[in-house]
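Enquirer: Protein chains in written order, with the numbering used here: chain A, 158 to 319; chain B, 158 to 319. My questions will all concern the structure given below.
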DNA sequence: CATCACTAGTTAAATTTTCAACTAGTGCTA
DNA sequence: TAGCACTAGTTGAAAATTTAACTAGTGATG
């Protein structure tokens, strides 16, 4: 086992379990979503974020940040959704460089139809199997992690090695 | 908020935190790996799995299963690594339909050079920030989840809705 | 041992994602 | 207010991934 110095074996095991299960979970969720609603995970998340935003609209950059998408990936994603009538795109009033993605009525309808299926899938694949302590632990770990990574991304970044 | 019926708000929050932080973590790990070692996450995992396998070789299907890759994705992945000299491919002795990926010396060397950096990155981005109880909890949750999803994939599958 | 349903893996085409320019607009500074 | 560095977002080409055939081999059944 070349690869397990420097990370104690407990943590190495945790890492492996986390990575593998997450991978499986994500592909499972994608498949369900695709089967139930003909949406990708990304599509769904865009719809959720827009539906929650004031005016059902969000700047491209803001959306990219929340989805953890590169700018060009978001451009592509949104134009694909636009083609399918789920969102539209409008120039941003106060910054003429920018544009905002806007949820359409069809997009909202699609979301409200998809949501119950998706949530059921989150429950059956993950949440129903966790007791309250585990849920709390999950939240604590990933809230903190998310905050930390978000912060790291903003400033200079990277880890120690090099 | 169209999207939060049916999943209690505690669990919904856990889900969001988990998804977002994981996304960030994975892209961060990819970036580090790429910067330190010029490998993708997938490359790295292939090297790890092969290095641990008896004879440093694994059937394509077996590898695909463990990586959670589609067959065609794995074919592509391996031929790319073959081009770069990290693995070779040999016909499988006992099943003439099959082939196995074999770790090369160069592949092993690459792995031993990459591993410390990668592990450091796992530590700094995730593990160093978790106390032992959290590590234990993480392991418990994702071990169980992985087992469950692995089992579901084998049999008929899917969730309840529909 | 011929047939046939099934498994392993590959291939080609379409879609998605990345990567590296590039365009346009902003806003500070002199 | 001209110049300039920086930000927002897009674009085109290359790389990765998915999807749907497809090839070859296996193994059970009659």
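Built from N, CA and C at the ideal position, the CB exists for glycine as well.
Going by other Cβ atoms of all chains shown within 10 Å of its Cβ, with 16 needed for buried, is residue 189 of chain A buried or exposed?
Expert: Translated into the one-based positions of the first chain, residue 189 of chain A becomes position 32. Residue 189 of chain A comes out buried.
Enquirer: Just the C-alpha distance for residue 268 of chain B and residue 274 of chain B, rounded to the nearest angstrom, thanks.
Expert: The sequence position of residue 268 of chain B within the second chain is 111, counting from 1. The sequence position of residue 274 of chain B within the second chain is 117, counting from 1. Distance between the alpha carbons of residue 268 of chain B and residue 274 of chain B: 10 Å.
Enquirer: Which whole runs of the alpha helix (DSSP H) in the region 194-218 of chain A are 4 residues long or more, in chain order?
Expert: 198-209
Enquirer: Can you tell me whether residue 233 of chain B is buried or exposed, with buried defined as 16 or more other CB within 10 angstroms of its CB?
Expert: Stepping through the second chain from its first residue, residue 233 of chain B is reached at position 76. Exposed, because fewer than 16 other Cβ atoms sit within 10 Å of the Cβ of residue 233 of chain B.
Enquirer: Using a Cβ cut-off of 7 Å, pull out every chain B residue sitting near residue 236 of chain A, in sequence order please.
Expert: Counted from its first residue, the first chain places residue 236 of chain A at position 79. Residues of chain B with a Cβ closer than 7 Å to the Cβ of residue 236 of chain A do not exist; the shortest Cβ-Cβ separation is about 21 Å.
Enquirer: At a CB-CB cut-off below 9 Å, which residues of chain B make contact with residue 210 of chain A?
Expert: Locating residue 210 of chain A in the first chain gives position 53, where the first residue counts as 1. None at all; the shortest Cβ gap to chain B is about 11 Å.
Enquirer: Does DSSP classify residue 260 of chain B as helix, strand or coil?
Expert: The residue given as residue 260 of chain B occupies position 103 in the second chain. Residue 260 of chain B falls in the strand class under three-state DSSP.
Enquirer: Thinking C-alpha only, which one of B:199, B:178, B:176 and B:177 is nearest residue 187 of chain B?
Expert: Here residue 187 of chain B refers to the residue found at position 30 of the second chain. Selected option, being the one with the closest Cα: B:199.
Enquirer: How should residue 264 of chain B be labelled, buried or exposed, when 16 other C-beta atoms within 10 angstroms of its C-beta is the threshold for buried?
Expert: If you number the second chain from 1, residue 264 of chain B lands on position 107. Per the 10 Å Cβ criterion, buried.
Enquirer: From residue 173 of chain A to residue 207 of chain A, what distance separates their C-alpha atoms?
Expert: Start at 1 with the first residue of the first chain, and residue 173 of chain A comes out as number 16. Start at 1 with the first residue of the first chain, and residue 207 of chain A comes out as number 50. Distance between the alpha carbons of residue 173 of chain A and residue 207 of chain A: 34 Å.
Enquirer: First and last residue of the beta strand (DSSP E) that includes residue 248 of chain A?
Expert: Taking the first chain and counting its residues from 1, the one referred to as residue 248 of chain A is at position 91. First-last of the beta strand (DSSP E) with residue 248 of chain A: 244-248.
Enquirer: In chain B, which residues lie with their C-beta within 7 Å of the C-beta of residue 185 of chain A?
Expert: Numbered from 1 along the first chain, position 28 holds the residue referred to as residue 185 of chain A. Within 7 Å Cβ-Cβ: 306.
Enquirer: Can you pull the chain A neighbours of residue 303 of chain B, defined as C-beta to C-beta under 7 Å?
Expert: One-based indexing of the second chain puts residue 303 of chain B at position 146. Residues of chain A passing the Cβ test: 174, 177, 178 and 181.
Enquirer: Alpha carbon to alpha carbon, how far is residue 303 of chain B from residue 258 of chain A?
Expert: The count along the second chain starts at 1 and reaches residue 303 of chain B at position 146. The count along the first chain starts at 1 and reaches residue 258 of chain A at position 101. So the two alpha carbons sit approximately 36 Å from each other.
Enquirer: Return helix, strand or coil for residue 288 of chain B, following the three-state DSSP convention.
Expert: Sequence index remark: in the second chain, residue 288 of chain B carries index 131 (1-based). Residue state, collapsed to three classes: coil.
Enquirer: Assuming the contact rule is C-beta atoms closer than 8 Å, residue 292 of chain B and residue 167 of chain A should be a hit. Round their C-beta distance to whole Å, please.
Expert: The residue labelled residue 292 of chain B in the question sits at position 135 within the second chain. The residue labelled residue 167 of chain A in the question sits at position 10 within the first chain. So it is a contact: roughly 6 Å between Cβ atoms.
Enquirer: Can you give me, in chain order, the residues of the region 248-271 of chain B that have a beta carbon less than 8 Å from any beta carbon in chain A?
Expert: Residues are counted here when their Cβ sits less than 8 Å from a Cβ of chain A; for the region 248-271 of chain B these are 265, 268 and 269, given in chain order.
Enquirer: Got a sec, what are the start and stop residues for the alpha helix (DSSP H) residue 283 of chain B sits in?
Expert: To locate residue 283 of chain B, count along the second chain from 1; it is residue 126. Segment: none, residue 283 of chain B is in no alpha helix (DSSP H) and carries neither H nor E.
Enquirer: Residue range of the alpha helix (DSSP H) that residue 229 of chain A falls in?
Expert: For the purposes of this step, residue 229 of chain A is taken as the residue at position 72 of the first chain. It spans 228-240 - the alpha helix (DSSP H) in which residue 229 of chain A sits, taken as one unbroken run.
Enquirer: Compute the Euclidean distance between the alpha carbons of residue 177 of chain B and residue 279 of chain B, then round it to the nearest angstrom.
Expert: Within the second chain, the letter at position 20 stands for residue 177 of chain B. Within the second chain, the letter at position 122 stands for residue 279 of chain B. Rounded to the nearest whole angstrom, the C-alpha separation of residue 177 of chain B and residue 279 of chain B is 17 Å.
Enquirer: Could you give the DSSP three-state label for residue 255 of chain A: helix, strand or coil?
Expert: For the purposes of this step, residue 255 of chain A is identified with residue 98 of the first chain, where counting begins at 1. In this structure, residue 255 of chain A counts as coil in the three-state DSSP scheme.
Enquirer: Please report how far the alpha carbon of residue 225 of chain B lies from the alpha carbon of residue 217 of chain B, in whole angstroms.
Expert: Within the second chain, residue 225 of chain B is the residue found at index 68, counting from 1. Within the second chain, residue 217 of chain B is the residue found at index 60, counting from 1. Rounded to whole angstroms, residue 225 of chain B to residue 217 of chain B spans 12 Å at the Cα level.
Enquirer: Got a sec: is the Cβ-Cβ distance from residue 221 of chain A to anything in chain B below 7 Å?
Expert: If you number the first chain from 1, residue 221 of chain A lands on position 64. At a cut-off of 7 Å between beta-carbon atoms, residue 221 of chain A makes no contact with chain B.
Enquirer: Give me the residue from B:201, B:270 and B:271 with the minimum Cα distance to residue 235 of chain B.
Expert: Reading the second chain from its first residue, position 78 is the one you call residue 235 of chain B. Out of B:201, B:270 and B:271, B:201 has the C-alpha closest to the C-alpha of residue 235 of chain B.
Enquirer: Can you confirm whether residue 217 of chain A, when its beta carbon is compared against all beta carbons of chain B, has any partner nearer than 7 Å?
Expert: Locating residue 217 of chain A in the first chain gives position 60, counting from the first residue. By this cut-off, residue 217 of chain A is not an interface position.
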